[in-house]
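Letter 261 of the sequence shown, counting from 1, is numbered 261 in UniProt numbering, and no numbers are missing.
Report on the following structure.
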Amino acid sequence: MNVYEAWIGDCHLKEVDGQRECRCQVAVWADGYDVFHARLIEHIEAKGLCLLWVEEGLPATRYLQRHSDQQRQIGILARTVHEGHLVELAQTNFQTVETGPDPEHKYLIYEDISDLVPLDDQFGAWPAKNTPDALIHPLFGQPQPATPDDEHYGHEGDVPVMRTFAIIDAAKLQSGFDEIEECGVPYRCLFKGKAAQDLRDVAPYLLEIDAASEMTRRLLTYNPKLPDNMTTAHLWHKEPGIYIRSRMCFDDVWCHFRKFVRIQDENGKWFYFRFWEPSVLDQLPEIFSPENGKKFFARNLSFVLLTANPSAGRIIRRV
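What follows is the structure, encoded as structure tokens:
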């Protein structure tokens, strides 16, 4: 049985209806990372904020092992949370930040996906679908190669097929890494070394999915008859990650996104940047400068963004 205690994290918040942002520490009364993250999200959304990223997310004792110089302030913050007060943000100092590209984000094209409904229990259906009809083409279609593709690969017959990838947050899964390990499709953690091992149950993973895989069905299914945390059967409502289309191979896609896992603030401190959260991906054109935005939204990638409430989707790609 897990024990509830104070968990500490470093987070970057943004006003939903404004341009002000802040970085602060947070204490959450939790018995694991999943509860820590869920309670943090619920708390900040009630305040009209959104979470751009969160770093650490550790029990207070483990957090202090890494940051012994902050013992006094973390001790004070940790003691503020309990069963009757679940979340406490440290002092916040919101500041207006300059947005990156102009409101039209002219280097990107947006295409809404209409009539989007997740798969249900499909009771009595045969054969069962793995993909909602509205997502068959956006996720698994094979568009004609564009002229630049032909020029890059030499001849039309040499152009690779369009692959489908997902970056999934293991923290959204009931059994964390175990569900990634048993997903039946190629996968690789976006973290490396000790971080990949220590944070494997809360880390992001690149998966290559296809229209026939059972994992695809799980990602695109919501069955209200099942417990929400039964992620071995349905995941849509969890907004588990983002989807990418590309003709690049698995290793090249992994190398591209590895470059954005951590970012540095103006004080030189490094943070994990949760771009694999659908809500964060949707705001990246405003967060990034045009120069950095064009690096992330590379021409050989397109993105499919799916949200659970309300069920909506959009395709994002470079001009």
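We put the beta carbon where it would ideally sit given N, CA and C, even for glycine.
Since the model is a prediction, treat every value here as computed from it, not as a measurement.
Within the same chain, show all residues whose beta-carbon is closer than 6 Å to that of residue i, passing over the 5 residues directly before and after it, in chain order.
i      : result
Asp112 : Arg314
Pro160 : Arg247
Tyr187 : Ile180, Tyr205, Leu207
Pro59  : Glu5, Trp7
DSSP on residue i, reduced to helix/strand/coil?
i      : result
Val3   : coil
Val304 : strand
Glu104 : Note that Glu104 has pLDDT 45, beneath the 50 cutoff, so the model's placement of it is unreliable and the number below is only indicative. Note: Glu104 maps to coil in three-state DSSP.
Gln25  : strand
Pro59  : strand
Trp126 : coil
Gly241 : strand
Ser246 : strand
His234 : coil
Glu88  : strand
Leu220 : coil
Leu64  : helix
Val253 : helix
Pro143 : coil
Pro138 : helix
Ala30  : strand
Phe177 : helix
Gly9   : strand
Arg20  : strand
Leu40  : helix
Glu15  : strand
Hey, could you find the ends of the beta strand (DSSP E) residue i is sitting in?
i           : result
residue 342 : With the chain covering only 1 through 319, there is no way to say anything about residue 342.
Ala312      : 312-318
Ala166      : 163-169
Gln70       : First-last for Gln70: undefined, no H or E at that position.
Phe271      : 270-272
Cys189      : 187-189
residue 321 : Outside the shown range of the chain (1 to 319) lies residue 321, about which nothing can therefore be said.
Pro204      : 204-209
For residue i, I'd like the list of residues in its chain whose CB is within less than 7 Å of its CB, leaving aside the five on either flank, ordered along the chain.
i           : result
residue 398 : The structure shown does not extend to residue 398, since the chain spans only 1 to 319, so no value can be given for it.
Glu104      : With a pLDDT of only 45 at Glu104, under the threshold of 50, the placement of this residue in the model should not be trusted, and no figure is reported.
Pro278      : Glu239, Ile242, Leu305, Leu306, Thr307
Asn229      : Gln174
Thinking residue i and residue j are a contact (beta carbons under 8 Å), I'd like their distance in whole angstroms, please.
i      : j      : result
Ala125 : Val26  : Going by Cβ atoms, the distance from Ala125 to Val26 rounds to 44 Å, so no, they are not a contact pair.
Phe303 : Ile209 : Actually they are not in contact, since the Cβ atoms of Phe303 and Ile209 sit about 14 Å apart, beyond 8 Å.
Leu108 : Pro285 : 6 Å
If you follow the alpha helix (DSSP H) that residue i is part of, which residue opens it and which one closes it?
i           : result
residue 358 : Any property of residue 358 remains undetermined from this structure, which presents the chain solely from 1 to 319.
Gln197      : 193-198
Pro290      : 290-296
Report yes or no: is there a C-beta of chain B within less than 9 Å of the C-beta of residue i?
i     : result
Tyr63 : No chain B appears in this structure, which consists of one protein chain only.
Could you tell me which of the options sits nearest to residue i, measuring between CA atoms?
i      : options                     : result
Glu214 : His234, Asn223, Lys225      : His234
Gly32  : Asp17, Met230, Glu56, Arg20 : Glu56
Ser175 : Val202, Leu306, Trp276      : Val202
Thr80  : Arg66, Ile44, Ala6          : Ala6
Lys295 : Asn267, His256, Ile316      : His256
Ala46  : Gln73, Asn292, Val16        : Val16
Pro127 : Ala38, Ala212, Pro138       : Ala212
Asp251 : Asp265, Leu281, Cys189      : Cys189
Here's a check: name, in chain order, each residue in its chain whose Cβ is nearer than 8 Å to the Cβ of residue i, leaving out the five neighbours to either side.
i      : result
Leu40  : Gly9, Cys11, Val26, Val28, Leu51, Val54, Val87
Val319 : Lys106, Tyr107, Leu108, Ile109
Glu83  : Tyr4, Trp29
Gln283 : Lys14, Cys50, Leu52
Trp254 : Arg188, Leu190, Leu206
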